Amino acid sequence: HPWETVTMAAMQKYPNPMNPSVVGVDVLDRHVDPGGKLHSHRLLSTEWGIPAIVKSLIGTCRTKTYVQEHSVVDPVKKTMELKSSNISFTNLVSVDERLVYKPHPHEPDKTILTQEAIISVKGVSLSSYLEGLMANTISSNAKKGREALEWVINRLNAEIEEFTASARGTMRNSMAAAAFVEK
Amino acid sequence: NSVGEACTELKREYDQCFNRWFAEKFLRGESAGDPCGQLFKRYQLCVQKAIKEKDIPIEGLEFMGPSKGKTENSS
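So the sequences go chain by chain: A and B.
Oh and the first sequence: position 114 is 114 in the UniProt record's numbering, straight run, nothing missing.
Oh and the second sequence: position 51 is 51 in the UniProt record's numbering, straight run, nothing missing.
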């Protein structure tokens, strides 16, 4: 899909069926810098479906994990960069992600996404198995991320078609009514 | 949905305005003028209140101020 389409979809990514754990999105700050780039700071709330027994131990108000996302859109250079890191009350594991969307250099109707994730574990030492598991989850999430954008793009296109069809219908009705009145 | 349940409606209004501006103006290189300023301010006030109430530790944002914890607000 062309870069503009992908960028618009990325701005409206949530909610979508591929990321059911994201329950809230808020814009904390947004401004255009002197260079014409749009900066957005967003807060994403995620709910992981923690088992009831764990909830009763740590308290229900702490079952949400928050992700802070900073995105920069450069409409001239056609790049969109997203950096996100999770904030949680436990601060045990932190995941920082960086995504960059750019138009494909040879095919203008396509967009290239580069994605990297840095996993840091502090405090209690966890085995490398767990870190490997997280890395797998992140790469399958990357695939989900692309599917999620595909879903949003299709939904946006469907909305546009619906709007056009109903606008045409309304025009036909009002033209018919006008013709009737003239007679 | 918004982190503050009461802010969801304000958020939706702002989102609609922003998405339209983003697609029709910003991506086409016309970033001057922001028709959503008022909607954004109202939505922001609501979100800031919700974040403080829920004690979400967000760092590095101007509106939170440099210090964490309870601060005196004289307004």
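Just so you know, even glycine gets a beta-carbon here, dropped at the ideal spot from N, CA and C.
All values derive from a computational prediction rather than experimental measurement.
When only Cα atoms are considered, phenylalanine 40 of chain B and tryptophan 151 of chain A end up about 27 Å apart.
Scanning its chain for C-beta atoms nearer than 6 Å, with the 5 sequence neighbours on each side dropped, one finds around lysine 110 of chain A the residues His104, in chain order.
C-alpha of glutamate 116 of chain A to C-alpha of alanine 167 of chain A: approximately 43 Å in a straight line. Within the stretch 9-27 of chain A, those residues whose Cβ lies closer than 7 Å to any Cβ of chain B are, in chain order, Met11, Gln12, Val23, Gly24 and Asp26.
With contacts defined by Cβ atoms closer than 8 Å, serine 71 of chain A and serine 40 of chain A form a contacting pair.
Interface criterion not met: the Cβ of tyrosine 101 of chain A is under 8 Å from no Cβ in chain B. Close CB contacts of isoleucine 118 of chain A within its chain, under the 6 Å cut and outside five residues either way in sequence, are with Asp96 (chain order). Here tryptophan 48 of chain A is exposed, its C-beta having fewer than 16 other C-beta atoms within 10 Å. Residues of the stretch 21-32 of chain B that bring their beta carbon within less than 7 Å of a beta carbon in chain A comprise Phe22, Ala23, Phe26, Leu27, Gly29 and Ser31, in sequence order.
Chain A places no beta carbon closer than 8 Å to that of lysine 49 of chain B, leaving this residue out of the contacts. Closer than 8 Å to the CB of lysine 11 of chain B there is at least one CB belonging to chain A. Under DSSP, alanine 117 of chain A shares a beta bridge with A:Glu97.
In the three-state reduction of the DSSP assignment, glycine 24 of chain A falls in the strand class. Taking 8 Å as the threshold, the shortest C-beta distance from glutamate 4 of chain A to chain B falls below it. The contact set of proline 105 of chain A on chain B, defined by CB atoms closer than 8 Å, is empty, because the minimum CB distance reaches about 19 Å.
For asparagine 16 of chain A, the closest of A:Tyr66, A:Met80 and A:Gly145 by C-alpha to C-alpha distance is A:Gly145.
In the pairwise beta carbon analysis, the stretch 153-162 of chain A is classified as not touching the stretch 26-46 of chain A: fewer than three pairs are separated by under 8 Å. For threonine 137 of chain A, not one C-beta of chain B is nearer than 8 Å to its own C-beta. For glutamine 12 of chain A, there is no enclosing beta strand (DSSP E), as DSSP marks it with neither H nor E.
When only Cα atoms are considered, isoleucine 112 of chain A and tyrosine 101 of chain A end up about 6 Å apart. In summary, proline 75 of chain A is buried, with 16 or more beta-carbon neighbours lying within 10 Å of its beta-carbon over all protein chains present. Distance from the Cα of threonine 8 of chain B is smallest, within the candidate group B:Ile56, B:Glu53, B:Arg42 and B:Lys52, for B:Arg42. Using a Cβ distance threshold of 8 Å, threonine 7 of chain A and valine 73 of chain A count as a contacting pair. For glutamate 24 of chain B and proline 2 of chain A, the gap between their C-alpha atoms comes out near 15 Å. Spatial neighbours of serine 84 of chain A in its own chain (CB-CB distance under 6 Å, excluding positions within 5 residues in sequence) are listed in chain order as Val67, Glu69 and Glu97. Listed in chain order, the non-local C-beta contacts of threonine 79 of chain A below 6 Å within the same chain comprise Lys102, local neighbours out to five positions each way being set aside.
Ranked by Cα distance from leucine 10 of chain B, the options B:Pro57, B:Leu45 and B:Ile51 are led by B:Leu45.
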